[in-house]
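Participant: There's a structure below that I have some questions on.
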Amino acid sequence: MNLARRQLLRYGAAGSIAVLLGTSVASSRRFRAPRWLGDPFTLGVASGDPTPDGVVLWTRLAPDPFAPDGLGGMAMDPVTVDYEIAHDEQFRRIAARGSAVATRALAHTVHPEVRGLEPGRWYFYRFRAGQAISPVGRTRTAPPPGHQVQRLRFAFASCQAWSSGYFTAYDHLAAEDLDVVVHLGDYIYERGWSRGRQGMTLEPWLYAEAVDLPGYRLRYAQAKAEAPLQAAHAGFPWLVTLDDHEVDNNWVSSQPGHGIDIHLIPALFRRRLAAALQAMYEHQPLRIEQLPSGTTMRLHRRYRFGDLADITMLDTRQYRSPQPCGGNIATDCTDRFSPERTVLGAQQRKWLIDGFARSTARWQIIGNQVAMNQTDYDPGPHTAVGTDAWDGYVAERSLVLGAAAERGVRNLVVITGDRHENYAADLRRDPSDPETPVVAAEFIGTSISTGGNGTDLSSHGRVLLGTNPDLKFCNSQRGYVRVEVDKDLWRSDFRVVPYVDHPGAPVHTRASYVVEDTVPGVTPASQSDRGRADATAGAAAEHHSGTEPIR
Numbered sequence: 001m002n003l004a005r006r007q008l009l010r011y012g013a014a015g016s017i018a019v020l021l022g023t024s025v026a027s028s029r030r031f032r033a034p035r036w037l038g039d040p041f042t043l044g045v046a047s048g049d050p051t052p053d054g055v056v057l058w059t060r061l062a063p064d065p066f067a068p069d070g071l072g073g074m075a076m077d078p079v080t081v082d083y084e085i086a087h088d089e090q091f092r093r094i095a096a097r098g099s100a101v102a103t104r105a106l107a108h109t110v111h112p113e114v115r116g117l118e119p120g121r122w123y124f125y126r127f128r129a130g131q132a133i134s135p136v137g138r139t140r141t142a143p144p145p146g147h148q149v150q151r152l153r154f155a156f157a158s159c160q161a162w163s164s165g166y167f168t169a170y171d172h173l174a175a176e177d178l179d180v181v182v183h184l185g186d187y188i189y190e191r192g193w194s195r196g197r198q199g200m201t202l203e204p205w206l207y208a209e210a211v212d213l214p215g216y217r218l219r220y221a222q223a224k225a226e227a228p229l230q231a232a233h234a235g236f237p238w239l240v241t242l243d244d245h246e247v248d249n250n251w252v253s254s255q256p257g258h259g260i261d262i263h264l265i266p267a268l269f270r271r272r273l274a275a276a277l278q279a280m281y282e283h284q285p286l287r288i289e290q291l292p293s294g295t296t297m298r299l300h301r302r303y304r305f306g307d308l309a310d311i312t313m314l315d316t317r318q319y320r321s322p323q324p325c326g327g328n329i330a331t332d333c334t335d336r337f338s339p340e341r342t343v344l345g346a347q348q349r350k351w352l353i354d355g356f357a358r359s360t361a362r363w364q365i366i367g368n369q370v371a372m373n374q375t376d377y378d379p380g381p382h383t384a385v386g387t388d389a390w391d392g393y394v395a396e397r398s399l400v401l402g403a404a405a406e407r408g409v410r411n412l413v414v415i416t417g418d419r420h421e422n423y424a425a426d427l428r429r430d431p432s433d434p435e436t437p438v439v440a441a442e443f444i445g446t447s448i449s450t451g452g453n454g455t456d457l458s459s460h461g462r463v464l465l466g467t468n469p470d471l472k473f474c475n476s477q478r479g480y481v482r483v484e485v486d487k488d489l490w491r492s493d494f495r496v497v498p499y500v501d502h503p504g505a506p507v508h509t510r511a512s513y514v515v516e517d518t519v520p521g522v523t524p525a526s527q528s529d530r531g532r533a534d535a536t537a538g539a540a541a542e543h544h545s546g547t548e549p550i551r
């Protein structure tokens with residue numbers, strides 16, 4: 001990001017960069033809040049990327065979040081935002097205090113990175129701007145490195161097209177007993193393709209595709225104004241990455257996908273990409289290491305949970321080769337086997353594989369955006385696959401899975417978004433040869449809302465189950481995946497809602513699949529195990545409701 005010299009001079013040398021980026025402030029200068037005409041915390045609060053001694057917090061000052069200029073109703077002037085972290089929800093035992101400055105340069109967002117906290121602890125936090133106080137959020141630090149941990153509970157979600165349906169699934173996710181939430185991409189959609197909400201009113205800016213900074217900021221404001229999403233953010237720390245719709249449908253590297261840029265000159269898409277990445281940073285609980293520099297943003301990183309699990313977040317968009325055979329479903333596409341094709345890029349691939357060798361965690365979890373398992377859509381003799389997924393990069397998939405096996409990864413589990421369907425699948429180094437051993441498991445989570453109400457098992461899903469022997473489960477309802485991991489067992493519960501076209505849908509566990517320690521691949525959980533899981537989750541949610549974050 002280019003910092004104008006006049007801005008640095010205006011804010012003073014000490015702490016000026018921290019001021020402009022909304023991190024914790026080294027400067028003693030304070031900037032007064034305006035006389036608010038409404039609530040400046042309309043988009044809620046969030047936390048993310050926890051470490052054993054800290055976490056990054058987030059909020060945005062936006063008294064008018066849908067102002068057409070994308071600036072949230074804020075004036076030019078910076079505003080000092082104070083934050084508190086406490087051991088209790090009443091803020092009687094304060095653990096940390098600090099300030100950050102919200103500036104116009106980053107849409108008056110702040111990302112204070114708090115350190116000096118105790119490992120493996122829950123905390124409450126809130127912000128103040130002038131006389132306005134934010135809702136209360138709850139967050140958790142990670143266990144110490146190598147510390148013996150008995151259990152990890154998390155949920156993963158993806159694909160939340162606002163116009164396709166209500167975010168009801170997040171109401172239920174917010175009531176779960178979790179340590180962290182993982183979001184695997186398509187947090188926003190660059191344009192509103194469908195009208196899946198009953199009684200939905202389309203704002204004028206919703207018709208147009210987002211291509212500039214105001215447009216992307218409005219898309220994030222639209223999503224983050226939803227109460228269920230705010231509740232889920234306020235309840236847990238999040239790990240986030242992006243997929244394609246944060247920018248442009250099926251974009252890769254510096255090339256547009258299927259949006260309106262398809263025939264434009266590259267310089268125009270680079271400008272669009274830079275705007276999209278900046279808007280993402282502005283609206284997510286990300287650290288300064290994730291601050292974009294023009295058209296690049298480092299999103300691959302690791303979250304360590306004691307000795308039990310490592311979550312490795314991948315970026316399968318910024319560094320990849322263009323999709324072979326057009327990027328859609330292609331039959332007998334030989335170009336997808338080329339060893340030159342990459343979905344990760346050489347540096348990220350090396351970083352991932354080196355992490356396999358260095359980690360001592362019992363479970364290696366890959367946070368992945370596009371399906372890794374082979375998905376053949378042709379029930380006949382041909383192989384028809386979607387080449388935007390790992391099926392378009394066969395050599396690199398074999399290399400990654402082979403490296404995990406060769407380096408002795410004890411348990412490798414891939415969690416994925418993008419498909420708008422729930423899958424449980426085995427992963428082989430060579431999926432075209434059923435005689436090769438299974439080396440990992442993959443769980444693909446459905447969408448929060450994209451695709452509308454969905455159905456339990458569509459005719460499309462029946463074809464997939466009949467054509468792909470390594471695919472063990474398929475479901476096309478909406479929801480999220482709840483995961484519980486201990487030293488002996490991984491369990492994924494596919495939590496689904498029956499409709500999203502109007503609010504208030506109930507949730508239930510459609511199916512549960514497990515992975516046993518040192519036994520790669522997925523198997524169905526017993527009915528009694530699923531019942532115990534839901535009973536435990538219900539009791540935890542009832543207990544948790546007494547300390548629910550202020551909404």
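Residue numbering for the sequence shown follows UniProt numbering, beginning at 1 and increasing consecutively.
Glycine included, every Cβ here is placed at the ideal spot set by N, Cα and C.
As the structure is a prediction and not an experimental result, all values here were calculated from the model.
1. Could you check the C-alpha separation between G386 and G73 for me, to the nearest Å?
2. If you follow the beta strand (DSSP E) that R428 is in, where does it begin and where does it stop?
3. What does DSSP give as the partner residue(s) for I188 in the beta ladder?
4. On a CA-only basis, which of G196, A441, N422, Y377 is nearest residue 556? Give me that one, please.
5. Checking 8 angstroms against the spacing of the C-beta atoms, do E484 and R153 come in under that value?
6. With burial defined as no fewer than 16 other Cβ atoms inside 10 Å of the residue's Cβ, what is the status of G257: buried or exposed?
7. Give me, in chain order, the residues of the same chain whose beta-carbon lies closer than 8 angstroms to that of S458; leave out the 5 immediate sequence neighbours on both sides.
8. Based on the DSSP secondary-structure assignment, which residues constitute the bridge partners of I444?
9. Find out if the Cβ-Cβ distance for the pair R92, E84 is shorter than 8 angstroms.
10. Helix, strand or coil: how does DSSP classify Q90 here?
11. Since G165 and V515 should fall inside the 8 angstroms C-beta cutoff, what is the C-beta to C-beta distance between them, to a whole number of angstroms?
12. Which two residues bound the contiguous alpha helix (DSSP H) that contains V463?
13. Mind listing, in chain order, the continuous alpha helix (DSSP H) runs of no fewer than 4 residues lying wholly within the region 107–191?
14. Who does S293 pair with in a DSSP beta bridge?
15. On the three-pair Cβ rule with 8 angstroms, is the region 296–311 touching the region 218–231?
16. What does DSSP give as the partner residue(s) for W204 in the beta ladder?
17. Within its chain, find whatever has a CB closer than 8 angstroms to the CB of A371; leave out the 5 residues flanking it on each side and keep chain order.
18. Looking at A275: is its Cβ nearer than 8 angstroms to the Cβ of L213?
19. Taking the beta strand (DSSP E) that S398 falls in, what are its first and last residues?
20. Helix, strand or coil for F269? Go by DSSP, reduced to three states.
21. Between the beta-carbon of A223 and the beta-carbon of Q160, is there less than 8 angstroms?
22. Can you give me the C-alpha to C-alpha distance between D307 and P143, rounded to a whole angstrom?
23. Could you name the residues of the same chain whose beta carbon sits closer than 8 angstroms to that of G326, not counting the 5 residues immediately before and after it, in chain order?
24. Who are the near neighbours of V181 in its chain, counting only those whose CB is closer than 6 angstroms to its CB and skipping five residues on each side?
25. For a test of the three-state rule: what should DSSP assign to Q255, helix, strand or coil?
26. Could you say which of G479, L412, A525 lies nearest to V519 if we only look at CA atoms?
Facilitator: Put simply:
1. Translated into positions along the sequence shown, residue 386 becomes position 386. Translated into positions along the sequence shown, residue 73 becomes position 73. Cα-Cα distance, rounded: 43 angstroms.
2. Reading the sequence shown from its first residue, position 428 is the one you call residue 428. For R428, the uninterrupted beta strand (DSSP E) run begins and ends at 422–428, by DSSP.
3. Within the sequence shown, residue 188 is the residue found at index 188, counting from 1. Answer by DSSP bridge pairing: none, since I188 is not bridged.
4. No answer is possible for residue 556: it lies beyond the span of the chain, which begins at 1 and ends at 551.
5. Taking the first residue of the sequence shown as position 1, residue 484 is located at position 484. Taking the first residue of the sequence shown as position 1, residue 153 is located at position 153. Going by C-beta atoms, E484 is nearer than 8 angstroms to R153.
6. As a first step, residue 257 must be located in the sequence shown, where it is residue number 257. Taking all protein chains shown into account, G257 has 16 or more neighbouring C-beta atoms within 10 Å of its C-beta and is therefore buried.
7. Here residue 458 corresponds to residue number 458 of the sequence shown, with the count starting at 1. Closer than 8 angstroms at the Cβ level, and outside the excluded window around S458, lie S476.
8. The count along the sequence shown starts at 1 and reaches residue 444 at position 444. Secondary-structure assignment with DSSP links I444 through a beta bridge to T416, Y423.
9. Taking the first residue of the sequence shown as 1, we reach residue 92 at position 92. Taking the first residue of the sequence shown as 1, we reach residue 84 at position 84. No, the Cβ-Cβ distance between R92 and E84 is not below 8 angstroms.
10. Taking the sequence shown and counting its residues from 1, the one referred to as residue 90 is at position 90. Per DSSP, reduced to three states, the secondary structure at Q90 is coil, with no helix or strand assignment.
11. Your numbering for residue 165 matches position 165 in the sequence shown. Your numbering for residue 515 matches position 515 in the sequence shown. About 31 angstroms separates the beta carbons of G165 and V515, which is beyond the 8 angstroms limit, so they are not a contact pair.
12. What you label residue 463 is simply residue 463 of the sequence shown in a count that begins at 1. For V463, the uninterrupted alpha helix (DSSP H) run begins and ends at 459–467, by DSSP.
13. Whole alpha helix (DSSP H) segments, 4+ residues: 168–174.
14. Against the sequence shown, residue 293 aligns to sequence position 293. Checking the DSSP bridge columns, you'll see S293 partnered with T296.
15. Because the criterion of three Cβ pairs below 8 angstroms is not met, the region 296–311 and the region 218–231 do not touch.
16. For this step, residue 204 is matched to residue 204 along the sequence shown. Looking at the sequence itself, residue 204 is Pro, so the reference to Trp does not match. Bridge partners of P204: none, in fact.
17. In the sequence shown, residue 371 corresponds to position 371, counting from 1. Excluding five sequence positions before and after A371, the CB atoms of its chain that fall closer than 8 angstroms to its own CB belong to G386, A389, W390, D391, T416, D418, R419, Y423, E442, I444, given in chain order.
18. The sequence position of residue 275 within the sequence shown is 275, counting from 1. The sequence position of residue 213 within the sequence shown is 213, counting from 1. Closer than 8 angstroms, so yes.
19. On the sequence shown, position 398 is the one that residue 398 refers to. Counted as a single uninterrupted DSSP element, the stretch harbouring S398 is not any beta strand (DSSP E) but the alpha helix (DSSP H) occupying residues 394–406.
20. As a position in the sequence shown, residue 269 is number 269, starting the count at 1. Residue state, collapsed to three classes: helix.
21. As a working mapping, residue 223 is identified with position 223 in the sequence shown. As a working mapping, residue 160 is identified with position 160 in the sequence shown. If you check the CB distance, A223 and Q160 come in under 8 angstroms.
22. The residue you call residue 307 lines up with position 307 of the sequence shown. The residue you call residue 143 lines up with position 143 of the sequence shown. One Cα belongs to D307, the other to P143, and the distance between them is close to 9 angstroms.
23. In the sequence shown, the residue the question calls residue 326 occupies position 326. Cβ neighbours of G326 beyond the five flanking positions: T387.
24. Here residue 181 refers to the residue found at position 181 of the sequence shown. Closer than 6 angstroms at the Cβ level, and outside the excluded window around V181, lie A155, F236, W238.
25. Translated into the one-based positions of the sequence shown, residue 255 becomes position 255. Strand, per DSSP.
26. Along the sequence shown, one-based indexing puts residue 519 at 519. Answer by Cα proximity: L412.
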